[in-house]
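*Asks:* The sequence shown runs 5 to 184 under this note's numbering.
In this text, a Cβ means the ideal position worked out from N, Cα and C, and glycines have one as well.
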Amino acid sequence: MQPLRICYAVAWAQQTSKPTVKESFMAGIWLLKSEPSVFSWQDLQAAPQQTTCWEGVRNYQARNFIRDQMQVGDRVLFYHSNANPPAIMGIAEVVKAAYPDHFAWDADSRYFDPKSTPDNPRWFMVDIQYRRDFSPPITLPELRQTPGLEGMLLLQKGCRLSVQPVTEQEWQIILGLRSP
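(1) I'd like the span of the alpha helix (DSSP H) that includes residue 154, first residue to last.
(2) Rounded to whole angstroms, what's the CA-CA distance from residue 156 to residue 82? Just pull it up for me.
(3) Using alpha carbons as the reference points, say which of 116, 170, 147, 79 lies closest to residue 107.
(4) Between which two residues does the beta strand (DSSP E) harbouring residue 2 extend?
(5) Going along the chain, which residues of its own chain have a beta-carbon closer than 7 Å to the beta-carbon of residue 159, five neighbours each way excluded?
(6) Using 8 Å as the cut-off, can you tell me whether the stretch 119 to 129 makes contact with the stretch 91 to 108, which would need three or more C-beta pairs spanning the two stretches below that distance?
(7) Leaving out five residues on either side along the sequence, give the residues of the same chain with a beta carbon under 7 Å from the beta carbon of residue 167.
(8) In angstroms, rounded to a whole number, what distance separates the CA positions of residue 125 and residue 177?
(9) Roughly how many angstroms separate the alpha carbons of residue 132 and residue 173, rounded to a whole number?
(10) Near residue 185, which residues of its chain fall below 6 Å by C-beta distance, leaving aside the five closest residues on each side in sequence?
(11) Please classify residue 169 as buried or exposed, where buried requires at least 16 other C-beta atoms within 10 Å of its C-beta.
Dropping the structure here:
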């Protein structure tokens, strides 16, 4: 059997007596990336009811995660990409399941897609709500140095997805880096 590859493609798991990697990604835990200059952790905290839609995802694999797998109650690691340093800022929660990204229908929006229509939506979004900060934020260099996170998608070369599944084991390790 071929080695596991998840990013941008199909996942397949090696046969073992342990849960498959695909099963371990069904934990309802996600990492969402945002550039702070576009939408920051502080923007989420300042939003009405500390809640916002996660719009503008324009990658099919990320869209499929949102549309097909994200559910209300799923946990979210909010990650600042293209920051110095990049870091997980805190925890949010999915509070509204996938629905069509109406920004794709707005010709004035930077997320406009003429191929997406209300009758045949191409892109989807969820709503997330702030839960708690990591103080200090957990930086990318710290994640790279943390035992047990070597297989985390965020740390894999070439995996640039803005929506990534996180395993329960990775979640627990990350929580252990910052006590509440």
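*Replies:* So, from the data block:
(1) Run containing residue 154: none; DSSP gives neither H nor E here.
(2) 15 Å
(3) 116
(4) A question about residue 2 goes unanswered here, because the residues of the chain that appear run from 5 up to 184.
(5) 147, 148, 153
(6) yes
(7) 34, 36, 61, 66, 69, 70
(8) 37 Å
(9) 22 Å
(10) Residue 185 lies beyond the stretch modelled for the chain, which goes from 5 to 184, so this question has no answer here.
(11) buried
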